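These notes are about the structure you will find just below.
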Amino acid sequence: QVQLVESGGGVVQPGGSLRLSCAASGTIFIPNVMGWYRQVPGKERELVAAITDGGRTNYADSVKGRFTVSRDNAENSVYLQMNSLELEDTAVYYCNLRVIGTRYNYWGLGTQVTVSS
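In the working numbering, the protein residues as written are 655 to 771.
This is the structure in structure tokens:
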């Protein structure tokens, strides 16, 4: 069983920055993709950014140029550096790990990010 624990959420003013971290524990198979999704009430969960164990990244158009996803394979961790935050970035951010080619798909409990003036 894989567990994902997020940290780093909080309240920030527009234009500010936050860094989210997610640590995975348990038996982690490769190849896999680790990433971040976000959800606001009444809307579906959406992909923010993801990175494969080989370092290939994928970003939502709305965060390109502002957010950077990275990972440390030795630590089984994934990070999301969020810069130039906007009011629309307010959401619960969830860490995800998906083992490619299998049904194994894991989620963290989420961390709240609030952008407010």
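We put the beta carbon where it would ideally sit given N, CA and C, even for glycine.
Since the structure is predicted, the reported quantities are computational estimates derived from the model, not experimental observations.
When the five nearest sequence neighbours on each side are left out, the beta carbons in the same chain lying within less than 6 Å of the beta carbon of S724 are those of Y733, in order along the chain.
No Cβ-Cβ contact shorter than 8 Å links V694 with A703. Counting along the chain, the unbroken beta strand (DSSP E) around N712 starts and ends at 711 to 713. Looking only at T706, K697, Q657, P668, the smallest Cα-Cα distance to G755 is reached by T706. The alpha carbon of Q667 has as its nearest neighbour, out of T722, N712, L739, I682, the alpha carbon of L739.
Annotation: the continuous beta strand (DSSP E) that includes S675 extends over 672 to 679.
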